[in-house]
Amino acid sequence: MTQSEAEVRSQKVEQLRSQGIEPYPSESYQRSHTTQQVRELFSQPGKELNNGVTDPEELSIRVCGRITSKRDSGSIIFIDLKDATDRIQLKIEKKLVKGDPGIAFKQIEKLLDVGDFVGAEGIGCRTNRGELSIQVRELKLLSKATIPFPDAYYGVNDPETCRRHREMDLAGNPESFNRFVLRSRIVQSIRSYLCDAGFYEIETPVLQAIYGGAAARPFITHHNALDVDLYLRIATELFLKRAVCGGFERVFELGRVFRNEGVDSTHNPEFTSLEVYQSYADYFDILGVVEDVICFAAAAVFGDKKQIEYQGQLINLDRQYDYSEKYAGFSGKHWQVKTMVEAVKDETKLDFDVLELGDAIAAAEKLGLHLANLDKQSLGYVLYAVFDRLVASTLIQPTFIIDFPVEVSPLAKGHRSKPGFVERFELFINGTEYSNGFSELNDPKEQRKRFEEQLAQKNAGDDEAHPMDEDFIEALSLGMPNCAGMGIGVDRLVMLLTNTQSIRDVVMFPTMRPIKDGSNP
RNA sequence: GGGCGACUAGCUCAAUGGUAGAGCAGCAGACUCUUAAUCUGGUGGUUCGGGGUUCGAGCCCCCGGUCGCCCA
Numbered sequence: 201m202t203q204s205e206a207e208v209r210s211q212k213v214e215q216l217r218s219q220g221i222e223p224y225p226s227e228s229y230q231r232s233h234t235t236q237q238v239r240e241l242f243s244q245p246g247k248e249l250n251n252g253v254t255d256p257e258e259l260s261i262r263v264c265g266r267i268t269s270k271r272d273s274g275s276i277i278f279i280d281l282k283d284a285t286d287r288i289q290l291k292i293e294k295k296l297v298k299g300d301p302g303i304a305f306k307q308i309e310k311l312l313d314v315g316d317f318v319g320a321e322g323i324g325c326r327t328n329r330g331e332l333s334i335q336v337r338e339l340k341l342l343s344k345a346t347i348p349f350p351d352a353y354y355g356v357n358d359p360e361t362c363r364r365h366r367e368m369d370l371a372g373n374p375e376s377f378n379r380f381v382l383r384s385r386i387v388q389s390i391r392s393y394l395c396d397a398g399f400y401e402i403e404t405p406v407l408q409a410i411y412g413g414a415a416a417r418p419f420i421t422h423h424n425a426l427d428v429d430l431y432l433r434i435a436t437e438l439f440l441k442r443a444v445c446g447g448f449e450r451v452f453e454l455g456r457v458f459r460n461e462g463v464d465s466t467h468n469p470e471f472t473s474l475e476v477y478q479s480y481a482d483y484f485d486i487l488g489v490v491e492d493v494i495c496f497a498a499a500a501v502f503g504d505k506k507q508i509e510y511q512g513q514l515i516n517l518d519r520q521y522d523y524s525e526k527y528a529g530f531s532g533k534h535w536q537v538k539t540m541v542e543a544v545k546d547e548t549k550l551d552f553d554v555l556e557l558g559d560a561i562a563a564a565e566k567l568g569l570h571l572a573n574l575d576k577q578s579l580g581y582v583l584y585a586v587f588d589r590l591v592a593s594t595l596i597q598p599t600f601i602i603d604f605p606v607e608v609s610p611l612a613k614g615h616r617s618k619p620g621f622v623e624r625f626e627l628f629i630n631g632t633e634y635s636n637g638f639s640e641l642n643d644p645k646e647q648r649k650r651f652e653e654q655l656a657q658k659n660a661g662d663d664e665a666h667p668m669d670e671d672f673i674e675a676l677s678l679g680m681p682n683c684a685g686m687g688i689g690v691d692r693l694v695m696l697l698t699n700t701q702s703i704r705d706v707v708m709f710p711t712m713r714p715i716k717d718g719s720n721p
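Per my numbering: the first sequence ends with 721, consecutive numbering throughout.
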């Protein structure tokens with residue numbers, strides 16, 4: 201019976217040991233250059249190497265990385281070495297490579313494989329065919345790989361393998377690796393923008409006795425020593441606002457939140473949220489912060505380019521609308537802004553400024569909407585249902601929908617001039633929600649009333665209704681400055697900026713169902 | 001939750017209901033300039049799991065599993 205590749209590789213580990221070579225050495229490997237730096241070095245004026253020429257200065261170069269390809273041509277072996285910056289070819293000639301210290305030619309030929317990590321010392325050269333290479337004098341094995349490495353040409357295609365074993369995806373698919381590099385840059389740019397704008401980054405509890413700040417079902421866990429059930433947070437909002445009550449005028453938190461809901465291409469049970477709160481501001485001010493953060497993040501990927509492509513759709517991030525005459529104090533250039541009533545009217549011709557509840561329900565159902573009993577309780581619920589299910593998906597270019605019904609916004613401040621509405625916005629791009637924000641409700645008595653209304657909804661069967669939070673009301677009672685806050689779904693933003701269709705490919709290790717044995721149902 | 005589709009060698013994929021295959025990787029060998037190296041030879045399978053129909057099932061039917069896409 202023949203051996204699998206994994207068995208052969210494991211056997212090579214033992215062979216190396218028996219030949220005095222440790223496959224997993226402890227010592228650090230000091231490289232002199234990354235592969236990218238090697239390329240830069242030999243592209244400097246006067247340093248270029250002609251084909252077939254070795255560096256006349258004989259500068260010693262030490263690089264390390266992973267073997268991604270190995271081509272044995274008799275007494276000469278070519279290896280592609282990849283590190284986090286680039287790749288470089290190693291040229292290993294039998295007569296030039298030292299076996300001690302280091303690994304001998306025959307051992308390189310027989311015992312090293314694609315996927316292994318090695319360090320190489322040698323001098324720069326360019327092969328007869330023009331490939332910049334390192335003429336290796338000493339090769340050191342740094343770590344042996346004992347299962348097959350992803351195919352050099354095809355990589356790993358199966359989406360399930362890519363997500364369950366992201367390390368294979370990252371190691372074998374450069375576009376995946378680059379996507380996560382971009383994610384890191386995007387997150388970093390958000391952080392640096394906010395810090396530069398005077399916001400403090402703080403950390404609030406993940407384990408909470410009362411969850412809140414969003415309409416969602418929580419994960420429940422148990423604390424043994426205290427013998428209490430705790431919830432994983434569904435949002436960071438309430439604690440951040442308590443920090444504002446305590447005197448932090450500008451705060452933000454970038455962190456994981458958890459929602460116990462289905463998995464699809466835009467929902468992962470744990471995802472990264474950004475929430476930002478700014479004292480003495482209103483929802484127009486914080487709307488501008490949303491634009492700034494997204495544009496700053498976009499610049500980390502695209503530079504000055506404002507036209508980006510997402511799944512074949514051109515998205516224009518240029519801010520070109522002026523609302524200073526329509527809304528007092530709302531200066532500058534912005535993305536499109538529409539009230540929810542306007543957006544619904546534009547798309548469906550229904551004017552919720554004049555509709556009565558009964559007529560609104562009839563009109564909504566005529567448009568094909570199946571309204572639940574909860575949706576039929578008031579005009580605000582019907583308006584929101586029509587918007588959410590018929591209008592939101594039509595908003596392709598960046599659009600802020602402002603002025604939401606109070607019924608669906610228990611934490612937002614009542615509108616300064618429109619009864620029944622709150623000063624709230626959501627940002628839509630390509631039919632998907634990217635951000636939510638509002639002037640924060642800071643009247644503790646009103647907040648209690650809103651929570652009580654939510655409790656009534658919960659009793660009426662809405663399991664996503666907001667629970668009562670006495671600690672939060674007490675914080676508001678101590679006094680919270682007028683302020684505005686916003687949240688951005690960071691994963692969705694990364695999807696937009698990296699043109700990625702599924703949230704599971706911007707979350708490095710997405711939630712996957714454990715594999716069960718299908719023979720025992 | 002519903003519908004549609006996928007699952008075959010380590011990887012990427014073939015295979016009218018009739019002997020399970022190819023390329024790459026791996027293995028043995030050749031080769032001093034390759035780069036998806038090349039050449040020669042051989043190895044490699046619980047066709048996702050279970051059941052059924054059939055003379056015969058990777059393929060048809062049923063149950064289950066995982067994943068993907070769409071819908072709610």
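Think of the CB as a built atom: it goes at the ideal place given N, C-alpha and C, for glycine as much as any other residue.
Quick caveat: nothing in here was measured; it's all calculated off a predicted structure.
Burial state of residue i, where buried means 16 or more other Cβ atoms lie within 10 Å
i: Ala543; result: buried
i: Tyr393; result: buried
i: Cys445; result: buried
i: Ser473; result: buried
i: Gly558; result: exposed
i: Ser719; result: Note that Ser719 scores 40 on pLDDT, short of 50, meaning its location in the model is unreliable and no value can be drawn from it.
i: His422; result: exposed
i: Val428; result: exposed
i: His615; result: buried
i: Asp553; result: exposed
i: Lys144; result: This structure leaves residue 144 out entirely; the chain is present only between 201 and 721.
i: Pro721; result: Any answer about Pro721 is weak, because its pLDDT of 32 lies below 50 and its placement is not dependable; what the coordinates show is given next. Exposed, by the Cβ-count rule.
beta-carbon residue i near the ligand FMN non-hydrogen atom, thresh 6 Å
i: His534; result: Ligands displayed in this structure: none; no statement on the ligand FMN is therefore possible.
Start and end residues, alpha helix (DSSP H) containing residue i
i: Asn378; result: 374 to 396
i: Phe552; result: Careful: Phe552 lies outside any alpha helix (DSSP H) and carries neither H nor E.
i: Met695; result: 690 to 698
i: Val537; result: Premise fails: Val537 lies in the beta strand (DSSP E), 536 to 539, not in any alpha helix (DSSP H).
i: Arg262; result: Run containing Arg262: none in the alpha helix (DSSP H); it sits in the beta strand (DSSP E), 260 to 272.
i: Ser204; result: Counting along the chain, Ser204 falls outside any alpha helix (DSSP H), and DSSP gives it neither H nor E.
i: Val463; result: Segment: none, Val463 is in no alpha helix (DSSP H) and carries neither H nor E.
i: Asp504; result: Where Asp504 is concerned, there is no enclosing alpha helix (DSSP H), given that its DSSP letter is neither H nor E.
Of the listed residues the options, nearest to residue i (C-alpha basis)
i: Ser269; options: Phe278, Gly687, Arg704; result: Phe278
i: Val706; options: Ala415, Leu641, Arg379, Leu517; result: Arg379
i: Pro619; options: Asp603, Tyr634, Glu633; result: Asp603
i: Pro223; options: Leu311, Leu432, Ser275; result: Leu311
i: Gly488; options: Ala415, Glu509, Met686; result: Met686
i: Arg713; options: Pro256, Glu653, Glu633, Gly462; result: Gly462
i: Val608; options: Phe439, Arg650, Phe452, Phe419; result: Arg650
i: Val606; options: Glu556, Ala660, Ala562, Met540; result: Met540
i: Val406; options: Arg385, Val387, Leu440; result: Leu440
i: Val582; options: Asn636, Ala562, Ile601; result: Ala562
i: Gln215; options: Lys247, Leu514, Gln307, Ala443; result: Gln307
i: Arg704; options: Gln203, Ser343, His365, Thr599; result: His365
i: Ser333; options: Asp280, Phe709, Pro348, Thr548; result: Asp280
i: Leu438; options: Asp671, Met368, Lys247; result: Asp671
i: Asn636; options: Glu491, Pro667, Asn659; result: Glu491
Contact check, residue i vs residue j, beta carbons under 7 Å
i: Gly631; j: Ser593; result: yes
i: Pro681; j: Ser479; result: yes
i: Val537; j: Ile390; result: no
i: Leu454; j: Thr698; result: no
i: Ile410; j: Asp575; result: no
i: Gln597; j: Asn468; result: no
i: Asn642; j: Leu676; result: yes
i: Val476; j: Phe452; result: yes
i: Ile267; j: Ser232; result: no
i: Ala564; j: Val586; result: yes
i: Ile434; j: Arg459; result: yes
Limits of the unbroken beta strand (DSSP E) element including residue i
i: Gly355; result: Here Gly355 belongs to no beta strand (DSSP E), and DSSP marks it neither H nor E.
i: Tyr477; result: 470 to 479
i: Ile515; result: 513 to 516
i: Lys282; result: 276 to 282
i: Lys291; result: 287 to 293
i: Arg337; result: 332 to 343
Q. Between the segment 391 to 411 and the segment 360 to 376, are three or more C-beta pairs nearer than 8 Å?
A. The segment 391 to 411 makes no contact with the segment 360 to 376; the number of CB pairs closer than 8 Å stays below 3.
Q.
Does the structure place the segment 465 to 485 close enough to the segment 610 to 625 that three or more beta carbon pairs sit under 8 Å?
A. Verdict: yes, contact present.
**Q.** Given 8 Å, three or more beta-carbon pairs between the segment 308 to 328 and the segment 282 to 297
**A.** Contact between the segment 308 to 328 and the segment 282 to 297 is established, with three or more Cβ pairs separated by less than 8 Å.
Q) So, do the segment 298 to 306 and the segment 331 to 346 have three or more beta carbon pairs nearer to each other than 8 Å? A) Flag = yes, the segment 298 to 306 and the segment 331 to 346 touch.
Q. Would you call the segment 236 to 248 and the segment 204 to 212 touching, i.e. three or more CB-CB distances under 8 Å?
A. Too few Cβ pairs lie closer than 8 Å, so no.
Q | At least 3 beta-carbon pairs within less than 8 Å: the segment 410 to 430 vs the segment 520 to 537 | A | Not touching, per the Cβ criterion.
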